[in-house]
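Engineer:
In full-length UniProt numbering, the protein residues as written are 1 to 810.
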């Protein structure tokens, strides 16, 4: 097919109001399908490949995969429902949604799913068979109606929906029970709604989920890949009664959308349990007493507590009687109580692990959210690596090896018992170039991990103790190491990771190629046969190989070593305890090296703070209310104990105070001399301006504050807390609208973990890819560690411009 026809097809899609043809596909990076019926075609773009799939008449094209370096398109008759998927570099798999979907739109004439039983459970007869019933509708007579196998279909446009001939000789045909797709209607509370309604009940246009204007928020699409937060479409990512959106009206942060309920029954929600499995969302037992012994209020009643967690709003959550349930994604089942002083509490539900009520195995262990910052390295190709890193090169969280969600695979501990496939830790079970993992992002099947290769012995002495300047695009590094993904690499490595010599970029033998040549990419440094990264591949520099059997491969170019202490990277691995600062645990000494103790000039600790540069400390403005004189304060750095200070702590006086001009609870302290950066004293990193931490991100608070009788008084304590989106935190039952957009909430809503008096001004740091970033300054709360009252922190990103301006001008 010529390019003119491709262009025509694309224009047809756009001009006919059908939108981008790629909207009809689900795409997965790094996935390749094993297909028996396929065609290999040259294609200059993904769009051209999609057009080839649409116009194929030799077979029904259900999917295609595009290889960007080869400029090759493979269109296929299979998809992941009936063919195995493998991981492959440099390929994106596109599957038509219509053949993956098990729901119907309208009367289901377009349904192409694999349901093959009637409403009464009778197996369907194959459309091509003539027994037990002679069909009026068969594949040869109706080739466009999808009459494959014995799948339910609607070839005659029956208003009652898809049907089939049955294998029961006494019943010629019957209808199938196909649920409606949630595109223009919603099942349950709209948790899976995927339609395109983008206006609220009062007619306000929705704000795009990717935008932070006019409302900053924590529902960032990249952080919630399974929530389908596309464009500005109404969605329900947080357990509300129905879909909603942030609005484009600066005076109205968010509002519900008006989406009708579907008329057919919802898809089956899976097995239910009489014991606690996972977070208990499918618990259907009859416990009706909270952890403190309070009797639960009936879900259908509004006394003593008014609420919207009603059976009408959550019709699929079995909110019957006053039984403990989890309708909105809490950490475990809960209920409103009959005590007017206690709005709600969690319940104590016996675990399925010790209960005979469930014969199924427990879910796989919840993998750790972060990877150690003390960056581990791997030897060779990393097959012997047994560390605990669990983050990919682009910062994605790894999927557990024993889990099949979101990606089904065969790399399990049972199949690879010697590969160390523990939890979701990075491994290399199949001898790839370095450790990798499947990701928790449904659209990215796998990625290499964020790990460095251990330096060779002869190279280790060459590591410079100075910090090199990161090269710009205009001034690429000439050394044989790379920064970032190596797009600026201009070294002279010319062999792949497996030792195959590279083909010259200007050559067309043994591999013909047209995009990545010195002429087409004059700025990419495509000299001779040196490894380069002209397309910004996240996995680093590569080259076409001189092996006729292998088109391209990556090169083994190490990351340039900084040789110094980078911000946000402690030299002692933090404990990162998830325990119930109040609650939490005693930190590993010097694992949070940016934590400072703010003291009176006589040495009494009263607040915390964070070192953000050798001469600068960030703290809370309310910590400075006792005096406006810098001489009234001093800072202790590198301490673990509050009182019996180690001999190598740094004791530095404060020379200047800077209060935030709009009276936000944040302040800068300039030290009288720069701190000496050591393994025990390292600054935290500042976030980008106006960056918003995603909802439910696990972050860490530290401090020597009031422990309310818990263990560890006098020692630096840490606690792990989830960030709570302001929309949720400002609900009536939590902080009731008190939290400003320049603040953020974090805490365990069940209580027991929080910052407290003496922690004020201290850091809330969140892990991002390979370092800790200062996202919050401990500010205020309603008591300490009270249920439903999370702590409030000044949002550092809202003041980064001010912070950097003060440091630059002083």
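Even for Gly, the Cβ is constructed at its ideal location relative to N, Cα and C.
Predicted model, so just to flag it, every value in this text is computed and none were measured.
With which residues is residue 768 paired in a DSSP beta bridge?
Structural biologist: Residue 768 is bridged to 771.
Engineer: Using DSSP bridges, identify the partner residues of residue 276.
Structural biologist: According to DSSP, which records beta bridges pairwise, residue 276 is partnered with 351.
Engineer: Cutting at 6 Å between CB atoms, please list the residues of its own chain near residue 66, excluding the five before and the five after it.
Structural biologist: Once the five neighbours on either side are set aside, the close Cβ partners of residue 66 are 46, 49, 73, 92.
Engineer: Rounded to a whole number of angstroms, what is the C-alpha to C-alpha distance between residue 721 and residue 747?
Structural biologist: Roughly 5 Å between the two C-alpha positions.
Engineer: Buried or exposed: where does residue 647 fall if 16 or more other Cβ atoms within 10 Å of its Cβ makes it buried?
Structural biologist: Label assigned to residue 647: exposed.
Engineer: Does the Cβ of residue 396 have 16 or more other Cβ atoms within 10 Å, making it buried, or fewer, making it exposed?
Structural biologist: With 16 or more other Cβ atoms within 10 Å, it is buried.
Engineer: Tell me which same chain residues have a C-beta within less than 7 Å of the C-beta of residue 802, skipping the five on either side of it?
Structural biologist: Around residue 802: 660.
Engineer: For residue 596 and residue 254, what's the separation of their Cα atoms in angstroms?
Structural biologist: Near 38 Å, if we compare the C-alpha coordinates of residue 254 and residue 596.
Engineer: Could you please give me the residues that DSSP links to residue 634 through a beta bridge?
Structural biologist: Beta-bridge pairing links residue 634 to 599, 653.
Engineer: Rank 730, 290, 794 by C-alpha distance to the C-alpha of residue 687 and give the top, closest one.
Structural biologist: Out of 730, 290, 794, 794 has the C-alpha closest to the C-alpha of residue 687.
Engineer: Helix, strand or coil for residue 100? Go by DSSP, reduced to three states.
Structural biologist: In the structure shown, residue 100 sits in a helix (DSSP, three-state: H, G or I).
Engineer: Which one of 733, 432, 247 has the shortest CA to CA distance from residue 256?
Structural biologist: For residue 256, the nearest C-alpha among the options comes from 247.
Engineer: State whether the segment 660 to 670 contacts the segment 687 to 702, with contact taken as three or more CB pairs (one from each stretch) at a distance under 8 Å.
Structural biologist: Verdict: no, contact absent.
Engineer: Using the beta-carbon count (16 or more within 10 Å), is residue 576 buried or exposed?
Structural biologist: Residue 576 should be labelled buried.
Engineer: With respect to the alpha helix (DSSP H) encompassing residue 803, which residues constitute its N-terminal and C-terminal limits?
Structural biologist: 800 to 809 is the extent of the alpha helix (DSSP H) around residue 803.
Engineer: Put residue 130 into one of helix, strand or coil per three-state DSSP.
Structural biologist: Residue 130 falls in the coil class under three-state DSSP.
Engineer: Is the beta carbon of residue 289 closer than 8 Å to that of residue 352?
Structural biologist: Not in contact: residue 352 and residue 289 (Cβ atoms no closer than 8 Å).
Engineer: Going along the chain, which unbroken runs of the beta strand (DSSP E) with 3 or more residues stay wholly within the UniProt domain "Kringle" (376 to 454)?
Structural biologist: Runs of the beta strand (DSSP E) inside the UniProt domain "Kringle" (376 to 454): 436 to 438, 446 to 448.
Engineer: Based on the DSSP output, what are the partners of residue 795 in its beta bridges?
Structural biologist: Residue 795 pairs with 776.
Engineer: Would you report the Cα separation of residue 35 and residue 77, rounded to the nearest angstrom?
Structural biologist: So the alpha carbons of these two residues sit roughly 7 Å apart.
Engineer: Report the residue from 37, 182, 180 whose alpha carbon sits nearest the alpha carbon of residue 59.
Structural biologist: Selected option, being the one with the closest Cα: 37.
Engineer: Could you round the C-beta distance between residue 702 and residue 762 to whole angstroms and report it? I think they count as a contact, below 8 Å.
Structural biologist: 6 Å between Cβ atoms; contact.
Engineer: In angstroms, rounded to a whole number, what distance separates the CA positions of residue 415 and residue 143?
Structural biologist: Those two C-alpha atoms are separated by around 42 Å.
Engineer: What does the alpha-carbon distance come out to for the pair residue 184 and residue 313?
Structural biologist: In a straight line, the C-alpha of residue 184 is about 18 Å away from that of residue 313.
Engineer: How about residue 312: is its Cβ closer than 7 Å to a heavy atom in the ligand FAD?
Structural biologist: Only the bare structure without any ligand can be found here, which leaves the ligand FAD out of the picture.
Engineer: The beta strand (DSSP E) spanning residue 75 covers which residue range?
Structural biologist: It spans 72 to 76 - the beta strand (DSSP E) in which residue 75 sits, taken as one unbroken run.
Engineer: Let me know the secondary structure DSSP gives residue 622 once reduced to three states.
Structural biologist: Residue state, collapsed to three classes: helix.
Engineer: Locate the alpha helix (DSSP H) running through residue 49, then write down its first and last residues.
Structural biologist: Unbroken alpha helix (DSSP H) run through residue 49: 46 to 55.
Engineer: Which word fits residue 573, buried or exposed, when buried means at least 16 other C-beta atoms lie within 10 angstroms of its C-beta?
Structural biologist: Residue 573 is exposed by the Cβ-count criterion.
Engineer: Which residues mark the beginning and the end of the alpha helix (DSSP H) in which residue 39 is found?
Structural biologist: First-last for residue 39: 38 to 42, but that is the beta strand (DSSP E), not the alpha helix (DSSP H).
Engineer: With DSSP run on the structure shown, which of helix, strand or coil describes residue 251?
Structural biologist: Residue state, collapsed to three classes: coil.
Engineer: Got a sec? Which residues, its chain only, sit under 6 Å from residue 220 by beta carbon, not counting five neighbours each side?
Structural biologist: Closer than 6 Å at the Cβ level, and outside the excluded window around residue 220, lie 694.
Engineer: Quick one: what's residue 811 bridged to in DSSP?
Structural biologist: Limits of the chain in this structure are 1 at one end and 810 at the other, which puts residue 811 out of reach.
Engineer: Quick check: the Cα distance between residue 570 and residue 53, rounded to an integer number of angstroms?
Structural biologist: Each residue's alpha carbon lies about 51 Å from the other.
Engineer: Relative to the C-alpha of residue 209, which candidate in 611, 229, 130, 197 has its C-alpha closest?
Structural biologist: The shortest Cα separation from residue 209 among 611, 229, 130, 197 belongs to 229.
Engineer: Let me check one thing: in DSSP terms, what residues is residue 813 bridge-paired to?
Structural biologist: Because the chain spans 1 through 810 in this model, residue 813 falls outside it and cannot be assessed.
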